[in-house]
Amino acid sequence: METDDSTCNGLENMEIEDEGFSLVEKPKNDGTQIADPSDLKFTEVPVSAEYLKKAKTIKDYLDATENPTIEKLRGFAISDGGLINDDLRKTAWPGLLGITRDSIEPAPSVAQLRSHPEFGQVVLDVNRSIKRFPPGIPYDQRVALQEQLTNLILRVITKYPHLRYYQGYHDVAITILLVVGEDMAFRIMEKLSTEHLRDCMEPTMEKTSYLLNYIFPLINHLSPEVYRHVDKSGAGTMFCLPWFLTWFGHSLNHYKDVVRLYDFFLASPPLMPLYLTATIVCYRKTEVLAAECNMASIHCLLSQLPDELPFEQLIVQAMKLYKELPPQNAEAAVKDRIKKEKALRDAEDAARKAVVRRNRFRGLQRQLERLVPNSRAQLFILAVSFAVGLYAYIANSDYPIR
């Protein structure tokens, strides 16, 4: 993805905080939004003989097996090339999540879906997602896809009222919808929303904010030098928030890369997108260390994904990292980081309050100085004025001077 210079220049004069992207309140409500995506390229690329052979192996297995095992499908999805094409994904993706092709419950009525409190926000986000649809499709077909996407999202959050829609959820849903169709997309999104994406769908994004901090011990494990540079810059985790929320679906320019990563994530534990994030950051080690060590420069660099990344290599490294430093082993470092950041914020808040108190005191001091006489004449006038005022007050009181 090309770097937007105007965005980077704008960052030079602004603060970027982990909480700035509504990490406490939902992003859709605070006026801060994920930037509109660029056009998603659906260009077909030649398939190598090796991948054609793998595709035939997968197809033969699916055709010959009434109930494919999850482990076998995971092996196909994670290994080089993933599931190769969307025809195979249409069958394999549900299987990766243990979803069978049983009868699907009827959808709520259109009126019921449109009465959902999130309806307006969902429609806005779906309308903005037009760039992620295949180019050149007829207008009527595009409108139908947008309607299906809107209904798909609303069906999930209507069935599970404790789940809160977040901006970026539609990027996941459109990818699933394009591959498997409307009915199976509901089954998959239902499963993901109650498992993989559950923490992102809480009433606030405090848990999401917490989880994003896993990238720091992971980066430190891969490259302490990169970790120190990024950490010192104060860039925080904002740069990778869209990656985590959308499984990179919002940030990549090529459809082939998006579905390849979805093969990987559907076959992996929920935090795997953060492991891939760490490998991408360290893969760009030379660029990162060459960048100025300040918040704006590092955030701008990292938030723009290069157009061509060696995802097969990065996937292998992410899996290796997961084995070397699983989430439970990284958790202590995450908690320690959160604790230190809180202490730092508390100290900064205390310092700001002290400055406010000091400024108020100085203002009061200046006012008093203006009232204090600086000559004997002024002192005499002030004393006489006070005496006259006191006499007038007593004279008009209930206790006149005798």
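So the number in my numbering is just where the residue sits in the sequence shown, counting from 1, plus 217. The beta-carbon is built from N, C-alpha and C at its ideal position, and this holds for glycine as well. It should be emphasised that the depicted structure is a prediction, and the values quoted were computed from it without experimental measurement.
Straight through space, the alpha carbons of Ile436 and Leu394 are spaced by roughly 33 angstroms. His471 has Lys258 as its beta-bridge partners, per DSSP.
In terms of Cβ geometry, Val389 and Thr463 form a close pair [threshold 8 angstroms].
In this structure, Asp448 is the residue among Met418, Val443, Asp448, His413 with its C-alpha nearest to the C-alpha of Asn430.
With a cutoff of 8 angstroms on beta-carbon distance, Tyr382 and Glu423 are scored as not near each other.
Straight-line spacing of the CA atoms in Ala495 and Asn546 works out to 16 angstroms. Short of 6 angstroms from the beta carbon of Leu469, and not among the five residues preceding or following it, lie these beta carbons of its own chain, in chain order: Val475.
Each residue's CA atom was taken as its position, placing Ala402 and Leu369 some 7 angstroms apart. The beta carbons of Phe456 and Leu519 sit closer together than 8 angstroms.
Within the same chain, Cβ atoms closer than 8 angstroms to the Cβ of Ile347 are found at Arg359, Gln363, the five residues on either side in sequence being excluded.
Closest option to Thr375, judged by alpha-carbon separation, among Gln329, Asp416, His387, Leu483: Gln329. Following the DSSP letters along the chain, one finds Gln534 inside the alpha helix (DSSP H) bounded by residues 528 to 541. Straight through space, the alpha carbons of Pro523 and Asp303 are spaced by roughly 24 angstroms. The alpha carbon of Asn344 has as its nearest neighbour, out of Glu541, Ser326, Arg331, Leu366, the alpha carbon of Leu366.
Annotation: the continuous alpha helix (DSSP H) that includes Glu288 extends over 287 to 295.
Around the beta carbon of Pro323, fewer than 16 other beta carbons sit within 10 angstroms, so the residue counts as exposed.
DSSP, read as helix, strand or coil, puts Met422 in coil.
For His413, there is no enclosing alpha helix (DSSP H), as DSSP gives it neither H nor E. The C-beta distance from Tyr427 to Ile287 rounds to 29 angstroms, too long to fall under 8 angstroms, and the pair is not in contact.
Relative to the Cα of Phe259, the nearest Cα in the group Asp553, Arg477, Lys570 belongs to Arg477. Counted as a single uninterrupted DSSP element, the alpha helix (DSSP H) harbouring Asn368 occupies residues 356 to 376.
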